[in-house]
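Report on one structure; see the data block that follows.
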Amino acid sequence: NAGVTQTPKFRILKIGQSMTLQCTQDMNHNYMYWYRQDPGMGLKLIYYSVGAGITDKGEVPNGYNVSRSTTEDFPLRLELAAPSQTSVYFCASSYSSISQANYGYTFGSGTRLTVV
Amino acid sequence: DQQVKQNSPSLSVQEGRISILNCDYTNSMFDYFLWYKKYPAEGPTFLISISSIKDKNEDGRFTVFLNKSAKHLSLHIVPSQPGDSAVYFCAASATDDKIIFGKGTRLHILP
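Chains as they are written, first to last, in this note's numbering: chain E, 194 to 309; chain U, 403 to 513.
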């Protein structure tokens, strides 16, 4: 069982470039999330989705976009990369709000992004 | 404003002893709480949770205690093992809402 798969694992971008961070889950989870983790700052929510076709902003959405065309995929788009977006990005999923109360989210292994 | 606070950035504990990680929260609407463990270069993994209607939940070496009146929870690991060295995130949520994470505490288990 693959769980939550994120690609790429590492990426270096130049300022102003764009890229898409991929996230796929094979657990038929309805809810999906994108977090970023800065050193010593915990996990901050960027965007989330409660189902295909539905997305909403989290705590730090500026500079990012998402889409959710299928249950499995939840890509995160950076349009104009800035040094402030240097971070580790985690995708997560859960089946429902009830299941996440007992089992939390399932996280991917992360994408380490550096913008220079 | 931080709703979930882990005030100790790091903690060192001798192998075999008890590790106690603390967490405070400010939102009285939170009704369940979780602990996650994270190794370097990996995503966080769920460890244990507790509902606000309980004051204790146990799973093997891991026990979470909840003091609602103090808005405080703690994770006890007994006995501590080398593989427990990791970053531990405290997290909380209200029903049907998103999970809010603390900044994490790095636990070092000393030989």
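From the three backbone atoms N, C-alpha and C, an ideal C-beta is built for every residue, glycine too.
Item, Value
"Any non-hydrogen atom of the ligand PLP closer than 6 Å to E/ILE205 Cβ", "Here there are no bound small molecules, and the ligand PLP is not part of this structure."
"Neighbour flag for E/ASN295 against chain U, beta carbons, 7 Å", "yes"
"Exposure of E/GLY233, with buried meaning 16 or more beta-carbon neighbours within 10 Å", "exposed"
"Inside the region 199-267 of chain E only - alpha helix (DSSP H) runs reaching at least 4 residues", "none"
"Inter-stretch contact (C-beta, 8 Å, three-pair minimum) for the region 406-419 of chain U and the region 205-223 of chain E", "no"
"E/VAL253 versus U/ILE420 - alpha carbon distance", "37 Å"
"Spatial distance of E/GLY196 from E/PRO268 (CA atoms)", "16 Å"
"Integer-rounded CB distance, given that E/LEU306 should sit under 8 Å from E/LEU206", "7 Å"
"Burial state of U/LEU512, where buried means 16 or more other Cβ atoms lie within 10 Å", "exposed"
"U/ALA488 beta carbon less than 7 Å from that of U/LYS439", "yes"
"One or two residues paired with U/TYR434 in a DSSP bridge", "U/SER453, U/SER495"
"When U/ARG463, U/SER454, U/ILE455 are compared against U/ASP486, the one with the closest alpha-carbon", "U/ARG463"
"Three-state secondary structure (DSSP) of U/GLN405", "coil"
"Residues that DSSP places opposite E/SER286 in a beta bridge", "E/MET225, E/THR299"
"The region 437-455 of chain U / the region 292-309 of chain E touching (three or more Cβ pairs under 8 Å)", "yes"
"Three or more C-beta pairs below 8 Å linking the region 218-237 of chain E and the region 277-288 of chain E", "yes"
"Test item: CB-CB of U/PRO446 and E/PHE300 under 7 Å", "yes"
"Collapsed DSSP secondary structure at E/ILE291 in the structure displayed", "helix"
"Closer than 9 Å at the beta carbon, the chain U residues around E/PHE283", "GLY445, PRO446"
"Within 8 Å of chain U by C-beta, residues of the region 239-257 of chain E in sequence order", "TYR241, GLY251"
"Chain-order list of residues whose beta-carbon lies under 8 Å from that of E/LEU236 (same chain, five-residue window excluded)", "TYR228, ARG229, GLN230, PHE283"
"Test: U/TYR490 CB closer than 7 Å to a CB of chain E", "no"
"Pair within 7 Å by beta-carbon distance, U/LYS473 and U/PHE467", "no"
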